[in-house]
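Peer 1:
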Amino acid sequence: MASNAAHLRRALHYVCKVPDRSLAIKFYTQILGMRVLRHEEFETGCQAACNGRYDGFWSKTMVGYGSEDDHFVMELTYNYGVNSYKMGNDFRGILIQSDEILKRAALHKCPVELEKGRTYLKSPGGYKFYVDNLKSEGDPVKQVIYNCTNLAKTRRFWEDILWCEVLDSGDDFLEVTYDKSKTSLRFEKIIEPIDRAEAYGRVAFSCPRGQLEDIESQVKNSNLGVVITPLVTLPTPNKPPVEVVILGDPDGHEICFVGDEAFRELSKEDPKSERMLEEKMAEYDAFIKKTAATGRRF
(Lines of atoms letter the chains of each structure in order from A and count residues from 1; the text may use other names and numbers.)
(Lines give C-alpha, C1' and ligand atoms only; values in the text may rest on other atoms or scores of the structure.)
Protein backbone atom coordinates (compact mmCIF):
# COMPACT_ATOMS: atom_id res chain seq x y z
CA MET A 1 0.00 0.00 0.00
CA ALA A 2 2.71 2.48 1.00
CA SER A 3 4.85 1.77 -2.06
CA ASN A 4 1.86 2.11 -4.40
CA ALA A 5 0.88 5.45 -2.87
CA ALA A 6 4.46 6.74 -2.92
CA HIS A 7 4.79 5.81 -6.60
CA LEU A 8 2.13 8.43 -7.37
CA ARG A 9 4.10 11.25 -5.73
CA ARG A 10 6.57 13.45 -7.62
CA ALA A 11 9.05 16.22 -6.85
CA LEU A 12 7.99 19.59 -8.28
CA HIS A 13 10.08 22.58 -7.26
CA TYR A 14 12.11 24.39 -4.64
CA VAL A 15 11.07 27.83 -3.39
CA CYS A 16 13.70 30.58 -3.10
CA LYS A 17 13.15 34.13 -1.86
CA VAL A 18 14.85 36.67 -4.14
CA PRO A 19 15.73 40.16 -2.85
CA ASP A 20 16.52 41.50 -6.35
CA ARG A 21 14.15 40.07 -8.94
CA SER A 22 15.94 41.51 -11.97
CA LEU A 23 19.36 40.15 -10.97
CA ALA A 24 17.83 36.80 -10.03
CA ILE A 25 16.12 36.36 -13.40
CA LYS A 26 19.36 37.16 -15.21
CA PHE A 27 21.24 34.58 -13.13
CA TYR A 28 18.71 31.78 -13.57
CA THR A 29 18.23 32.37 -17.30
CA GLN A 30 21.58 33.70 -18.58
CA ILE A 31 23.91 31.71 -16.30
CA LEU A 32 22.00 28.55 -15.37
CA GLY A 33 20.22 28.47 -18.73
CA MET A 34 16.68 28.06 -17.39
CA ARG A 35 13.63 29.73 -18.92
CA VAL A 36 10.62 31.51 -17.46
CA LEU A 37 7.70 29.06 -17.29
CA ARG A 38 5.02 31.17 -15.62
CA HIS A 39 4.63 34.34 -13.58
CA GLU A 40 1.95 35.35 -11.09
CA GLU A 41 1.32 38.52 -9.06
CA PHE A 42 -0.44 38.65 -5.68
CA GLU A 43 -1.77 41.52 -3.57
CA THR A 44 -1.80 39.74 -0.20
CA GLY A 45 0.45 37.20 1.49
CA CYS A 46 -0.02 33.51 0.76
CA GLN A 47 -2.24 31.60 3.21
CA ALA A 48 0.40 28.87 3.27
CA ALA A 49 3.28 31.39 3.59
CA CYS A 50 4.66 30.51 0.15
CA ASN A 51 6.32 33.94 0.15
CA GLY A 52 7.46 33.67 3.76
CA ARG A 53 6.02 35.60 6.69
CA TYR A 54 5.10 38.66 4.65
CA ASP A 55 1.62 40.03 4.03
CA GLY A 56 2.15 42.58 1.25
CA PHE A 57 2.36 42.52 -2.51
CA TRP A 58 4.52 39.72 -3.91
CA SER A 59 5.16 37.73 -7.05
CA LYS A 60 5.99 34.16 -8.01
CA THR A 61 8.13 33.28 -11.02
CA MET A 62 8.68 29.68 -12.03
CA VAL A 63 11.90 28.99 -13.94
CA GLY A 64 13.33 25.70 -15.15
CA TYR A 65 14.62 23.57 -17.99
CA GLY A 66 11.17 22.41 -19.08
CA SER A 67 7.57 21.85 -18.03
CA GLU A 68 6.94 21.14 -14.36
CA ASP A 69 5.09 18.01 -15.50
CA ASP A 70 8.46 16.33 -16.03
CA HIS A 71 11.12 18.73 -14.70
CA PHE A 72 12.08 19.93 -11.23
CA VAL A 73 11.94 23.73 -11.35
CA MET A 74 12.63 26.75 -9.16
CA GLU A 75 9.97 29.01 -7.65
CA LEU A 76 11.33 32.53 -7.16
CA THR A 77 9.24 34.52 -4.70
CA TYR A 78 9.71 38.27 -4.61
CA ASN A 79 8.26 40.40 -1.80
CA TYR A 80 7.92 43.99 -2.94
CA GLY A 81 9.92 46.32 -0.74
CA VAL A 82 12.04 43.58 0.89
CA ASN A 83 15.64 44.13 -0.20
CA SER A 84 17.50 41.41 1.70
CA TYR A 85 17.09 38.12 3.56
CA LYS A 86 19.49 36.77 6.15
CA MET A 87 20.88 33.40 5.02
CA GLY A 88 20.83 30.50 7.47
CA ASN A 89 22.66 27.17 7.43
CA ASP A 90 19.66 24.96 6.63
CA PHE A 91 20.05 24.84 2.86
CA ARG A 92 23.26 23.67 1.23
CA GLY A 93 22.39 23.96 -2.46
CA ILE A 94 21.02 22.54 -5.70
CA LEU A 95 23.03 20.12 -7.87
CA ILE A 96 22.71 20.66 -11.63
CA GLN A 97 24.27 18.47 -14.32
CA SER A 98 25.30 20.58 -17.32
CA ASP A 99 28.37 21.14 -19.47
CA GLU A 100 27.17 24.64 -20.44
CA ILE A 101 26.82 26.48 -17.12
CA LEU A 102 30.52 27.06 -16.46
CA LYS A 103 30.95 28.35 -20.02
CA ARG A 104 28.15 30.87 -19.52
CA ALA A 105 29.54 31.80 -16.10
CA ALA A 106 32.90 32.62 -17.69
CA LEU A 107 31.22 34.62 -20.46
CA HIS A 108 29.26 36.71 -17.96
CA LYS A 109 32.16 36.90 -15.46
CA CYS A 110 30.12 35.11 -12.80
CA PRO A 111 32.39 33.87 -9.97
CA VAL A 112 32.91 30.11 -9.72
CA GLU A 113 33.99 28.66 -6.37
CA LEU A 114 35.03 25.33 -4.87
CA GLU A 115 33.73 23.61 -1.72
CA LYS A 116 35.19 20.24 -0.72
CA GLY A 117 35.92 19.49 -4.35
CA ARG A 118 32.49 20.60 -5.56
CA THR A 119 32.23 23.46 -8.04
CA TYR A 120 29.46 25.93 -7.36
CA LEU A 121 28.03 29.31 -8.27
CA LYS A 122 26.10 31.53 -5.91
CA SER A 123 22.87 33.23 -6.95
CA PRO A 124 22.35 36.96 -6.25
CA GLY A 125 20.26 35.95 -3.21
CA GLY A 126 23.02 33.71 -1.82
CA TYR A 127 21.78 30.22 -2.81
CA LYS A 128 24.46 27.80 -3.99
CA PHE A 129 24.20 25.85 -7.23
CA TYR A 130 26.66 22.98 -7.53
CA VAL A 131 27.63 22.10 -11.10
CA ASP A 132 28.31 18.58 -12.33
CA ASN A 133 30.15 19.62 -15.50
CA LEU A 134 28.81 16.85 -17.74
CA LYS A 135 26.28 16.75 -20.55
CA SER A 136 22.88 16.43 -18.92
CA GLU A 137 21.04 13.14 -18.95
CA GLY A 138 17.33 13.81 -18.46
CA ASP A 139 16.34 16.70 -16.21
CA PRO A 140 19.51 18.69 -15.39
CA VAL A 141 18.36 19.38 -11.80
CA LYS A 142 19.61 16.30 -9.98
CA GLN A 143 19.50 17.03 -6.27
CA VAL A 144 18.34 19.36 -3.52
CA ILE A 145 20.91 19.33 -0.70
CA TYR A 146 20.10 20.16 2.92
CA ASN A 147 22.04 20.22 6.16
CA CYS A 148 20.61 18.17 9.02
CA THR A 149 21.45 17.49 12.66
CA ASN A 150 20.13 13.95 13.17
CA LEU A 151 20.31 11.52 10.26
CA ALA A 152 18.44 8.76 12.10
CA LYS A 153 15.40 10.97 12.75
CA THR A 154 15.59 12.40 9.25
CA ARG A 155 15.62 8.92 7.75
CA ARG A 156 12.67 7.74 9.84
CA PHE A 157 10.65 10.79 8.85
CA TRP A 158 11.30 10.69 5.11
CA GLU A 159 11.27 6.90 4.74
CA ASP A 160 8.66 5.76 7.26
CA ILE A 161 6.32 8.76 7.40
CA LEU A 162 6.56 10.25 3.90
CA TRP A 163 7.37 6.91 2.21
CA CYS A 164 10.41 8.06 0.23
CA GLU A 165 12.86 5.48 -1.06
CA VAL A 166 16.38 5.60 0.36
CA LEU A 167 18.85 5.81 -2.53
CA ASP A 168 22.03 5.86 -0.46
CA SER A 169 23.22 6.58 3.05
CA GLY A 170 26.35 6.77 5.15
CA ASP A 171 27.63 8.05 8.47
CA ASP A 172 27.19 11.66 7.40
CA PHE A 173 24.61 11.71 4.59
CA LEU A 174 21.28 10.39 3.38
CA GLU A 175 19.71 10.45 -0.09
CA VAL A 176 15.98 9.88 -0.69
CA THR A 177 13.56 10.15 -3.61
CA TYR A 178 10.15 9.16 -4.91
CA ASP A 179 11.55 8.32 -8.35
CA LYS A 180 15.11 7.14 -9.04
CA SER A 181 15.09 8.84 -12.44
CA LYS A 182 14.10 12.23 -11.01
CA THR A 183 15.43 14.85 -8.60
CA SER A 184 16.42 13.48 -5.19
CA LEU A 185 16.98 15.01 -1.75
CA ARG A 186 20.31 14.74 0.03
CA PHE A 187 20.83 15.45 3.73
CA GLU A 188 24.33 16.11 5.05
CA LYS A 189 25.03 16.00 8.77
CA ILE A 190 26.34 19.05 10.59
CA ILE A 191 27.20 19.54 14.27
CA GLU A 192 25.84 23.04 14.87
CA PRO A 193 22.09 23.67 15.30
CA ILE A 194 20.04 24.45 12.20
CA ASP A 195 19.35 28.17 11.75
CA ARG A 196 16.79 28.79 9.01
CA ALA A 197 17.06 32.59 9.40
CA GLU A 198 15.00 34.54 6.80
CA ALA A 199 16.02 33.09 3.42
CA TYR A 200 14.69 29.59 4.13
CA GLY A 201 12.91 27.86 1.29
CA ARG A 202 10.55 24.96 0.76
CA VAL A 203 10.48 21.82 -1.37
CA ALA A 204 7.23 20.87 -3.07
CA PHE A 205 5.79 17.50 -4.09
CA SER A 206 2.51 16.54 -5.70
CA CYS A 207 0.33 13.58 -4.80
CA PRO A 208 -3.21 12.48 -5.64
CA ARG A 209 -5.68 14.82 -3.93
CA GLY A 210 -7.01 11.90 -1.88
CA GLN A 211 -3.66 11.43 -0.11
CA LEU A 212 -3.42 14.92 1.39
CA GLU A 213 -5.45 14.24 4.56
CA ASP A 214 -3.55 11.01 5.19
CA ILE A 215 -0.17 12.72 4.79
CA GLU A 216 -1.20 15.45 7.23
CA SER A 217 -2.45 12.88 9.74
CA GLN A 218 0.65 10.71 9.50
CA VAL A 219 2.96 13.64 10.17
CA LYS A 220 0.77 15.00 12.95
CA ASN A 221 0.90 11.65 14.76
CA SER A 222 4.56 10.90 14.06
CA ASN A 223 6.36 12.80 16.85
CA LEU A 224 9.05 13.44 14.24
CA GLY A 225 7.75 16.28 12.10
CA VAL A 226 5.14 19.02 12.38
CA VAL A 227 2.14 20.23 10.41
CA ILE A 228 2.92 23.89 9.70
CA THR A 229 -0.22 24.65 7.68
CA PRO A 230 -3.13 22.18 7.74
CA LEU A 231 -4.88 21.37 4.47
CA VAL A 232 -5.91 24.64 2.82
CA THR A 233 -7.13 25.83 -0.57
CA LEU A 234 -4.90 28.41 -2.26
CA PRO A 235 -6.34 30.74 -4.92
CA THR A 236 -4.34 32.10 -7.86
CA PRO A 237 -5.68 35.02 -9.96
CA ASN A 238 -7.24 33.75 -13.22
CA LYS A 239 -6.15 30.17 -12.52
CA PRO A 240 -7.66 27.14 -10.77
CA PRO A 241 -7.17 26.88 -6.98
CA VAL A 242 -5.03 24.12 -5.49
CA GLU A 243 -5.10 22.34 -2.15
CA VAL A 244 -1.92 22.02 -0.11
CA VAL A 245 -0.62 20.91 3.26
CA ILE A 246 2.67 22.32 4.60
CA LEU A 247 4.90 20.18 6.81
CA GLY A 248 8.19 20.45 8.66
CA ASP A 249 10.73 17.63 8.98
CA PRO A 250 12.76 17.00 12.18
CA ASP A 251 15.03 19.97 11.38
CA GLY A 252 12.19 22.23 10.30
CA HIS A 253 12.84 21.95 6.56
CA GLU A 254 9.52 22.90 4.98
CA ILE A 255 7.67 20.53 2.67
CA CYS A 256 4.60 21.26 0.56
CA PHE A 257 2.30 18.54 -0.72
CA VAL A 258 -0.21 19.69 -3.35
CA GLY A 259 -3.06 17.84 -5.02
CA ASP A 260 -1.71 16.68 -8.36
CA GLU A 261 -4.86 16.90 -10.44
CA ALA A 262 -5.45 20.64 -9.89
CA PHE A 263 -1.75 21.45 -9.84
CA ARG A 264 -1.22 20.10 -13.35
CA GLU A 265 -3.71 22.71 -14.56
CA LEU A 266 -2.18 25.52 -12.50
CA SER A 267 1.38 24.70 -13.53
CA LYS A 268 0.89 24.73 -17.28
CA GLU A 269 3.59 26.76 -19.01
CA ASP A 270 2.39 30.24 -19.95
CA PRO A 271 4.00 31.67 -23.13
CA LYS A 272 3.02 35.20 -22.02
CA SER A 273 4.73 34.94 -18.64
CA GLU A 274 8.13 36.34 -19.63
CA ARG A 275 6.59 39.46 -21.13
CA MET A 276 4.37 39.91 -18.08
CA LEU A 277 7.39 39.61 -15.80
CA GLU A 278 9.34 42.19 -17.81
CA GLU A 279 6.40 44.60 -17.70
CA LYS A 280 5.99 44.21 -13.94
CA MET A 281 9.71 44.73 -13.31
CA ALA A 282 9.73 47.87 -15.49
CA GLU A 283 6.57 49.15 -13.79
CA TYR A 284 8.05 48.69 -10.32
CA ASP A 285 11.39 50.22 -11.33
CA ALA A 286 9.52 53.31 -12.57
CA PHE A 287 7.59 53.47 -9.30
CA ILE A 288 10.79 53.31 -7.25
CA LYS A 289 12.42 56.06 -9.32
CA LYS A 290 9.36 58.26 -8.97
CA THR A 291 9.11 57.82 -5.21
CA ALA A 292 12.86 58.40 -4.81
CA ALA A 293 12.53 61.67 -6.71
CA THR A 294 9.53 62.90 -4.71
CA GLY A 295 10.52 61.41 -1.37
CA ARG A 296 7.05 59.91 -1.02
CA ARG A 297 5.88 56.33 -1.45
CA PHE A 298 2.16 56.85 -0.89
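If you use our numbering, the sequence shown corresponds to residues 734 to 1031, in order. Ideal placement from N, C-alpha and C gives every residue a C-beta, glycine not left out. These figures come from a predicted structure and were not determined experimentally.
Note down, in chain order, each residue of its chain lying with its Cβ closer than 6 Å to the Cβ of methionine 1009, except the 5 sequence neighbours on either side.
Peer 2: His772
Peer 1: Less than 8 Å separating the beta-carbons of aspartate 865 and leucine 835?
Peer 2: no
Peer 1: Measure the alpha-carbon distance for serine 792 versus lysine 849 and round it to whole angstroms.
Peer 2: 35 Å
Peer 1: What does serine 792 pair with, by DSSP beta-bridge criteria?
Peer 2: Its beta-bridge partners are Glu774, Tyr811.
Peer 1: What does DSSP give as the partner residues of valine 952 in its beta bridges?
Peer 2: In DSSP, valine 952 forms no bridge with anything.
Peer 1: Assess contact between the stretch 837 to 855 and the stretch 898 to 912, defined as three or more Cβ pairs (one per stretch) separated by less than 8 Å. Is contact present?
Peer 2: no
Peer 1: Taking C-beta to C-beta, are isoleucine 878 and arginine 935 nearer than 8 Å?
Peer 2: no
Peer 1: Quick check on DSSP: helix, strand or coil for glutamine 780?
Peer 2: coil
Peer 1: Distance check for proline 973 and lysine 1001, CA to CA, integer angstroms please.
Peer 2: 11 Å
Peer 1: Can you tell me whether asparagine 737 is helix, strand or coil according to DSSP?
Peer 2: helix
Peer 1: Figure out for me which residue from Ala932, Ser955, Ile961, Ala937 has the closest Cα to the Cα of tyrosine 698.
Peer 2: This structure leaves residue 698 out entirely; the chain is present only between 734 and 1031.
Peer 1: Give me the Cα-Cα distance between threonine 916 and proline 752, rounded to the nearest whole angstrom.
Peer 2: 26 Å
Peer 1: Considering only residues of the same chain and omitting the five flanking positions on each side of valine 977, which have a CB-CB separation below 7 Å?
Peer 2: Ala781, Val965, Leu967, Cys989, Phe990, Val991
Peer 1: Within 10 Å of its beta-carbon, does histidine 986 have 16 or more other beta-carbons around it, so buried, or fewer, so exposed?
Peer 2: Burial call: buried.
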